[in-house]
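Protein chains in written order, with our numbering: chain V, 1 to 317; chain G, 318 to 605.
The beta-carbon is built from N, C-alpha and C at its ideal position, and this holds for glycine as well.
Have a look at the structure below before the remarks.
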């Protein structure tokens, strides 16, 4: 359905307000979270109808481990149930082409939950009609740090050089590297902060803060947010373009600096002519890009192996 | 049915566009008329857009152009602002002023910097995603000094600001200092700084000074603060119709509260103080 103006292709949600909803309706906290989950399922259906192919949700922050043991266990149990339920829906997920990814520091979770998550991820990894990214045991700072760690690993393995580190490469090392950046980020319950969610990826996204509590989220709330996105679209696109140009310039400068150093060593103090510099730059850029591609392949293999190992552990136990 | 939904959608979008155009028109009118009726109309139209409460501009509150140089006036304004700051339950240590508008007004930004300092905020950063403020850093600094003199009178000693130049801060610069600090930022201080820190860490790994497993959140955080010691902003006041951070300090804004004002042009002290009140009232659960 082509509406007026572009539709966002990737929407991220901070589903806030479950506990306040429970207090308001005099329910148990756990019931609030259950309602929140049901609302997520409903919202995914709306997004499918609106042809929004990718959704990312903030399900559990690393900071949430600070909550009471009872609540944390309850949330992890809920996750366990829902992921196990997903595994039973294999046919449906295949029919609708739903790819499920889980982003976060998963080794912070109990092993059995890691295993059930791994099964869901591996089972749906080749689906490509719509994408659900669940941020679980996640914070943006941990994600960015992990990306830096992966690049450092690449350097240790001799796959890339430290000088290859760039904004584009860091983005490719994030947990979310298979997704485009979110076009729209929605936070419910009236809070007006990002709470360590997708800080890198949403630098040029449309941010919409809505006061409705998550379990009370309606289709019209979603439409309201999309209208905001459409109104902001042109200016944000312009800003994104500007940033992309700056990025390209910075990469060019970095490459030039590298070859300048290299030519200095080779030339024994004699300055290289413009043509030689140009050839050296082109050659350097090509070899750098090849190096980076090999590294990213190795990283992908490392990540896939993490999940398949978890799956095979389940089989053994 | 799809046609009907499409029509309804187009109508909704048209209504919002008309509302925005009317608000812009009224804003221009307000600058010239400054009548109560227009203030109330604008307030009504601006709701429920997330802005601070539109308070009536008090007579003589237009300090930016009149510049009451009378020491007594400046003194009473200063004590009023100090008591306003004290009256708040909490005050941010660092406020980010993010200007998401094409045309920039140095005088208005300078006013806001001075008001922030006067109220007791110790670190104010100014940002636009083109990096124009940073390119014209000295011009902005001059304007801030000029407005400080206009608004606070001749005695500058209480608010002896430190206007940091671009480039690296000296390592021994402490965040919590007696003198308020003004910093002009650009997108380079955002993702680009994170990339530079990452490159440094990878160089250390290349030289076998560290292993990749040693890299932690606190390590990256410390490295980021080493070159540019910017504290996390507790509050960002964003000016303009664009609902985005536009690349402002991604690492630092993890817990930042965002308040939007329609424009930085002709913004009043009351508008800014409204944002501070809003910040003061918010409650962060920090994951719990």
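Check, Outcome
"Chain G within 8 Å of residue 140 (chain V), Cβ atoms only", "yes"
"CA nearest to the CA of residue 604 (chain G), picked from V:39, V:7, V:66, V:24", "V:66"
"8 Å CB neighbourhood of residue 540 (chain G) in its chain, flanking five on each side removed", "514, 517, 518"
"Pick from V:229, V:104, V:54 that is closest to residue 60 (chain V), judged by C-alpha positions", "V:104"
"Residue 604 (chain G) - partner residues in DSSP beta bridges", "Residue 604 (chain G) pairs with nothing; no bridge assigned."
"Sub-8 Å separation of residue 572 (chain G) and residue 601 (chain G) beta-carbons", "yes"
"Residue 133 (chain V) in three-state terms, based on DSSP", "strand"
"Alpha-carbon spacing of residue 184 (chain V) relative to residue 239 (chain V), whole angstroms", "15 Å"
"Three-state secondary structure assigned by DSSP to residue 54 (chain V)", "strand"
"For residue 22 (chain V), the first and last residue of its enclosing alpha helix (DSSP H)", "18-24"
"Run of the alpha helix (DSSP H) containing residue 590 (chain G), from where it starts to where it stops", "586-598"
"Selection from V:97, V:70, V:117 that minimises the alpha carbon distance to residue 80 (chain V)", "V:117"
"As assigned by DSSP and simplified to three states, the class of residue 101 (chain V)", "strand"
"Simplified DSSP assignment, three categories, for residue 12 (chain V)", "strand"
"Among G:498, G:444, G:422, G:417, the one whose alpha carbon lies nearest that of residue 577 (chain G)", "G:417"
"Chain G within 8 Å of residue 222 (chain V), Cβ atoms only", "no"
"Short Cβ contact (8 Å threshold) for residue 41 (chain V) with residue 202 (chain V)", "no"
"Complete runs of the beta strand (DSSP E) confined to the region 115-160 of chain V [at least 3 residues]", "130-138"
"Contacts of residue 66 (chain V) in chain G (Cβ-Cβ under 9 Å)", "603, 604, 605"
"Exposed unless 16 or more other CB atoms sit within 10 angstroms - verdict on residue 85 (chain V)", "exposed"
"Delimiting residues of the alpha helix (DSSP H) encompassing residue 39 (chain V)", "29-49"
"Residues that residue 412 (chain G) bridges to, as DSSP identifies them", "G:441, G:552"
"Reduced DSSP secondary structure (H/G/I, E/B, other) of residue 173 (chain V)", "coil"
"6 Å Cβ shell around residue 108 (chain V) - same chain, five flanking residues per side excluded", "137"
"Near the ligand GTP: residue 262 (chain V) beta-carbon under 7 Å from a heavy atom", "Absent from the structure shown: the ligand GTP. Ligands present: none."
"Minimum Cβ-Cβ distance from residue 98 (chain V) to chain G less than 8 Å", "no"
"Residue 276 (chain V) versus V:147, V:287, V:305, V:256, residue with shortest Cα-Cα distance", "V:256"
"Contact check, residue 130 (chain V) vs residue 58 (chain V), beta carbons under 8 Å", "no"
"Nearest-angstrom Cα separation, counted from residue 262 (chain V) out to residue 559 (chain G)", "44 Å"
"Helix, strand or coil at residue 542 (chain G) according to DSSP, with G and I counted as helix", "helix"
"Proximity below 8 Å, CB of residue 182 (chain V) to CB of residue 18 (chain V)", "no"
"Residue-level contact to chain G via CB, residue 78 (chain V), 8 Å cutoff", "no"
"Alpha-carbon spacing of residue 249 (chain V) relative to residue 71 (chain V), whole angstroms", "49 Å"
"Beta carbon of residue 226 (chain V) nearer than 8 Å to that of residue 53 (chain V)", "no"
"C-alpha distance - residue 125 (chain V) paired with residue 38 (chain V), whole-angstrom precision", "24 Å"
"Contact under 8 Å by Cβ, residue 561 (chain G) with residue 145 (chain V)", "no"
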